[in-house]
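Below is one structure, written out as structure tokens, with a few remarks after it.
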Amino acid sequence: MSFLYPAFLVGAALVALPIVLHLMRRDVAPEVPFAAVRLLRRSPIERSRRRRLRDLLLLAARVAALLLLAGAFARPYVMNATAGSRLTIVAVDRSFSMSAPGQFDRALRLARQAVDEARGDRIAVIAFDQRAEVIASPGTRGEARRALASLGSGFGATRYAAALDKAVELAESGPATLVLVSDFERHGLDAGTPALPVDIDLALGDVGVPRTNAGVTDLHIEPRRVVSSLRNTGVTPRSGNARLLADGRILKTVPFSLAPGASADVAFDTASPVGGSVSVSIDDPGGYAADDVRYAVAAARAAPGVLVVGG
Numbered sequence: 001m002s003f004l005y006p007a008f009l010v011g012a013a014l015v016a017l018p019i020v021l022h023l024m025r026r027d028v029a030p031e032v033p034f035a036a037v038r039l040l041r042r043s044p045i046e047r048s049r050r051r052r053l054r055d056l057l058l059l060a061a062r063v064a065a066l067l068l069l070a071g072a073f074a075r076p077y078v079m080n081a082t083a084g085s086r087l088t089i090v091a092v093d094r095s096f097s098m099s100a101p102g103q104f105d106r107a108l109r110l111a112r113q114a115v116d117e118a119r120g121d122r123i124a125v126i127a128f129d130q131r132a133e134v135i136a137s138p139g140t141r142g143e144a145r146r147a148l149a150s151l152g153s154g155f156g157a158t159r160y161a162a163a164l165d166k167a168v169e170l171a172e173s174g175p176a177t178l179v180l181v182s183d184f185e186r187h188g189l190d191a192g193t194p195a196l197p198v199d200i201d202l203a204l205g206d207v208g209v210p211r212t213n214a215g216v217t218d219l220h221i222e223p224r225r226v227v228s229s230l231r232n233t234g235v236t237p238r239s240g241n242a243r244l245l246a247d248g249r250i251l252k253t254v255p256f257s258l259a260p261g262a263s264a265d266v267a268f269d270t271a272s273p274v275g276g277s278v279s280v281s282i283d284d285p286g287g288y289a290a291d292d293v294r295y296a297v298a299a300a301r302a303a304p305g306v307l308v309v310g311g
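According to the working numbering, the sequence shown holds residues 1 to 311 in order.
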């Protein structure tokens, strides 16, 4: 058994107070000489042995009350049998940057490997993006595997502080190992990212970034043309066709070619659509699907003015 606030146990020394009072307060009936004994009313005399037993029980009750009060303030608790074992926490990044083809599958493989190689018997699983969620509380390997089987990537941003805070909360000031599975984007770190306690070991599962990814970063509608900006964030050259669509209909197709890390503008020389939605899309099977298209709303044509001349 341990105590949350052991300083309050000092209050147990107050048990000496009723004992001292009990020893000091010993009433002894004084002897009073009285000649006319026959004028006194007869009353039973309490036996001293019975009275002494009652006083001892009262003293014990007072001492027990003080001990219980001190113990209550000290907040005793009993450690679980599993509390001494090491906890393994697997935190899986499910942000948008993990949505490239095959990337989240690699993350799940690393997470399952961490579950299989966990040193302790207790394993927890966290899924995080800008927020962290416990999808498997500390439990068995089977529970952790089932939680990973239902996990998928999302559209949130990456924030490592959320995962670290949740891991510290799960560890409960005990020894733990945190396995962080992510592509480790730099913008996921900020000034609010906490430092881990010394009793939490950190292991990294690097998923890596996709080698190829091109995306549509901007879209402008001008009076006589539509201009779109493309960017290649991969490490290999990218080429393909950019398509201009108005309300789902393809208006024009323009080829593009991008070096690694390069950006370029693609112009569609055509009359600007009037009203409705306009989009530019590219085919990028090896990169992130969400940045393959960009949308804009075309301005409606102003209604012509009408002049009425009365005769």
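The C-beta atom is built at its ideal place from N, Cα and C for all residues, glycine as well.
- Counted as a single uninterrupted DSSP element, the beta strand (DSSP E) harbouring F256 occupies residues R249 to L258.
- Looking at G120, L21 and A74, the one whose alpha-carbon comes closest to that of D55 is L21.
- Per DSSP, Y160 lies in no beta strand (DSSP E) segment; the continuous alpha helix (DSSP H) that holds it begins and ends at Y160 to A171.
- Within the same chain, S272, V278, A296 and A298 come within 7 Å of I221 by CB-CB distance, once the 5 residues on both sides are set aside.
- For R112, the enclosing alpha helix (DSSP H) starts and ends at Q103 to D116.
- Pairing V179 with A203, the inter-Cα distance amounts to about 5 Å.
- Put simply, of P194, S150 and I89 the residue whose alpha carbon is nearest the alpha carbon of I123 is I89.
- F104 has its alpha-carbon roughly 15 Å from the corresponding atom of A157.
- With a cutoff of 8 Å on beta-carbon distance, V92 and A111 are scored as near each other.
- Of the candidates A262, R231 and S281, S281 places its Cα closest to the Cα of L251.
- Straight-line measurement puts the Cα of G71 at about 7 Å from the Cα of L9.
- Around the CB of L164, 16 or more other CB atoms lie within 10 Å, so the residue is classed as buried.
- Counting the other CB atoms within 10 Å of its CB gives P223 a total below 16, which places it among the exposed residues.
- Within the DSSP bridge table, the entry for I123 names T88 and G139 as partners.
- Three or more pairs of CB atoms, one per stretch, sit closer than 8 Å, so the stretch 253-267 contacts the stretch 227-238.
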